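Structure record follows, encoded as C-alpha cells.
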Amino acid sequence: MTWEYGLIGLVIGIIVGAVVMRFGNKKLREQRSMQYELEKSKAELADYREELTNHFARSAELLDNMAHDYRQLYQHMAKGSNDLLPNLPGEKNPFAYQLTEAEADNDQAPVQMPRDYSDGASGLLRGSDRTPRK
Numbered sequence: 000m001t002w003e004y005g006l007i008g009l010v011i012g013i014i015v016g017a018v019v020m021r022f023g024n025k026k027l028r029e030q031r032s033m034q035y036e037l038e039k040s041k042a043e044l045a046d047y048r049e050e051l052t053n054h055f056a057r058s059a060e061l062l063d064n065m066a067h068d069y070r071q072l073y074q075h076m077a078k079g080s081n082d083l084l085p086n087l088p089g090e091k092n093p094f095a096y097q098l099t100e101a102e103a104d105n106d107q108a109p110v111q112m113p114r115d116y117s118d119g120a121s122g123l124l125r126g127s128d129r130t131p132r133k
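Following numbering that gives the first Met the number 0, the numbering of the sequence shown begins with 0 at its first residue and continues without gaps.
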C-alpha cells in the first residue's frame with residue numbers, strides 16, 4: 000500500500016507541477032515581454048532626447064551665424080549708404096544708425112519695438128469739449 004501512495008503522490012505531483020509550470024511560465028513570459036518593452040521605450044526616449052538636444056544646439060548655431068551675417072550686411076549697407084549718399088539727411092537715410100564695434104560684438108544693437116498705443120489721445124476718452132447730443 001505504501002508504494003500505491005507513493006505512485007499516487009508522484010502522479011499528483013506531476014500534475015500540480017505541470018499546472019504550476021504552465022501558469023507560472025506564462026506570467027514569466029509576460030513579465031519578460033513587459034521588461035523588454037520598457038527597456039526599448041527607455042532607449043527610444045534617450046535617443047529622442049539626444050536628437051532634440053542636437054537639433055536645438057544646431058538651431059542656436061545657425062541663428063548665431065544668421066545674426067552675425069545680418070550685422071555684417073547692415074554694416075555694409077550703412078557704409079555704402081554713407082559713402083554713396085553723403086549729403087542725404089539722416090531722417091531720409093534708412094541706414095543712418097550705424098552699429099558700433101562694441102554693439103556688433105556684444106549683440107546689443109538697439110531695437111525699435113512697435114508700441115501698441117498712440118502718442119496723443121485718440122478721442123475716445125478725451126475730455127468732452129462738446130455738448131452731448133440728444
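Every residue gets a Cβ at the ideal spot worked out from N, C-alpha and C, and that includes glycine. Small disclaimer: the values here were computed from a predicted structure and weren't measured.
Alpha carbon to alpha carbon, how far is residue j from residue i? Give it in angstroms, no decimals.
i      : j      : result
Glu-36 : Leu-51 : 22 angstroms
Tyr-4  : Ala-17 : 20 angstroms
Glu-49 : Ala-42 : 11 angstroms
Ala-77 : Phe-94 : 5 angstroms
Using 7 angstroms as the cut-off, classify the Cβ of residue i as near or not near the heavy atoms of the ligand HEM, replying yes or no.
i      : result
Asn-24 : Of the ligands one can find in the structure shown there are none, so the ligand HEM has no counterpart to examine.
Can you list, in chain order, the residues of its chain with a C-beta nearer than 8 angstroms to that of residue i? Leave out the 5 residues immediately preceding and following it.
i     : result
Trp-2 : none
Next item on the list: At 3 residues or longer, and completely inside the region 32-66: list those beta strand (DSSP E) runs for me, N to C.
Entry: none
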